[in-house]
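Numbering (our numbering), first residue to last: 776 to 1091.
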């Protein structure tokens, strides 16, 4: 296993940093060891700070009302004989707090579009071996979907925003997060910064690199922050769609479902025909404070349109 000095272990214990979190921290010491400086940098990066809840707007009702505070904690569960009690590690607690806070902060709406990925599937099948031989990278569907998302953000920049009180912050940079599972089973979202400046090859390299380092607990703190939009690929687990929770302080997140062969109506010059097509559901959750149904719906439809219009003769 990885070596940690007594000082680093003592600091981790004092700060409540779990073993799974410690394994994620990128070390700058000899042979990649985690140093005191790395621990302090990790703490300073805000990973250990509780997520602040958004201020609740004052009620417009002027008549005196009895204020009832919503319960912040779930009712106690009394374990039965034989039940196993597993204490959450700090990362699991952070994820739990973040999810609860996001649902409290953002009124979530989810729009769904079923996209025809037949051209994408055919193109990838045609080029994947040559792509790997030429570039040394395996091309998956994730960077292809990501490229369509980036183009759609450029078409609808009000998706790439955050809310600060009564202000909407429109982000200049397009930083796309991609949800990934850690070996511990916990979730982490590495971020591709300035993703709009990357080619499909560049996106493929970034996706593969971040996914690989997530699996090996080798992500740096600044690689899991600063995202402005998130993609989660629920199709990896065979799921066809989902209702993803927004990654605060972003205002939208997209889930890509499993690609399935289905009979579908295809319009031809000779009339409508039934054909086998590769279909995928895109699920787009967005914050209704900033994004209305028209924008949220048009955005996910545009992503589908970019994927459906894929060029079968595209060069690699």
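For each residue, glycine too, the CB sits at the ideal point set by N, CA and C. Keep in mind it's a predicted model, so treat the numbers as computed, not measured.
Beta-carbon proximity check, residue i vs residue j, cutoff 8 Å
| i | j | result |
| --- | --- | --- |
| residue 792 | residue 865 | yes |
| residue 934 | residue 979 | no |
| residue 1026 | residue 971 | no |
| residue 1002 | residue 964 | yes |
| residue 1073 | residue 931 | yes |
| residue 1082 | residue 895 | yes |
| residue 989 | residue 955 | yes |
| residue 889 | residue 975 | no |
| residue 983 | residue 912 | yes |
| residue 893 | residue 1052 | yes |
| residue 1006 | residue 920 | yes |
| residue 1021 | residue 873 | no |
| residue 803 | residue 811 | no |
| residue 1065 | residue 928 | no |
| residue 1075 | residue 1004 | no |
| residue 957 | residue 795 | yes |
| residue 1019 | residue 1028 | yes |
Three-state secondary structure (DSSP) of residue i
| i | result |
| --- | --- |
| residue 1084 | coil |
| residue 817 | helix |
| residue 1047 | strand |
| residue 1033 | coil |
| residue 862 | coil |
| residue 970 | helix |
| residue 979 | helix |
| residue 994 | coil |
| residue 795 | helix |
| residue 1028 | strand |
| residue 876 | helix |
| residue 931 | coil |
| residue 787 | helix |
| residue 882 | coil |
| residue 913 | coil |
| residue 945 | strand |
| residue 1074 | helix |
| residue 921 | helix |
| residue 1041 | strand |
| residue 962 | strand |
| residue 1008 | strand |
| residue 984 | helix |
| residue 957 | coil |
| residue 778 | coil |
| residue 1069 | helix |
C-alpha distance - residue i paired with residue j, whole-angstrom precision
| i | j | result |
| --- | --- | --- |
| residue 967 | residue 1045 | 45 Å |
| residue 876 | residue 962 | 16 Å |
| residue 901 | residue 1089 | 11 Å |
| residue 1068 | residue 886 | 8 Å |
| residue 947 | residue 815 | 30 Å |
| residue 1087 | residue 899 | 9 Å |
| residue 779 | residue 1009 | 35 Å |
| residue 945 | residue 861 | 42 Å |
| residue 787 | residue 997 | 19 Å |
| residue 1077 | residue 1084 | 11 Å |
| residue 969 | residue 977 | 11 Å |
| residue 808 | residue 1059 | 40 Å |
| residue 959 | residue 1048 | 48 Å |
| residue 848 | residue 904 | 52 Å |
| residue 777 | residue 1042 | 59 Å |
| residue 910 | residue 897 | 20 Å |
| residue 789 | residue 1091 | 51 Å |
| residue 987 | residue 1071 | 31 Å |
| residue 953 | residue 859 | 33 Å |
| residue 936 | residue 949 | 10 Å |
| residue 785 | residue 797 | 12 Å |
| residue 850 | residue 881 | 23 Å |
| residue 879 | residue 806 | 43 Å |
| residue 908 | residue 985 | 21 Å |
| residue 863 | residue 781 | 24 Å |
| residue 857 | residue 783 | 37 Å |
Candidates the options: closest to residue i by CA position
| i | options | result |
| --- | --- | --- |
| residue 995 | 800, 1022, 781 and 916 | 800 |
| residue 1054 | 813, 1040 and 863 | 1040 |
| residue 973 | 924, 938 and 1019 | 924 |
| residue 942 | 806, 1024, 909 and 1019 | 1024 |
| residue 1080 | 857, 817 and 926 | 926 |
| residue 1000 | 1050, 817, 852 and 853 | 817 |
Residue-level contact to chain D via CB, residue i, 8 Å cutoff
| i | result |
| --- | --- |
| residue 1047 | Included in the structure is just one protein chain, with no chain D present. |
Inter-stretch contact (C-beta, 8 Å, three-pair minimum) for the stretch 1029–1039 and the stretch 1012–1019 | yes
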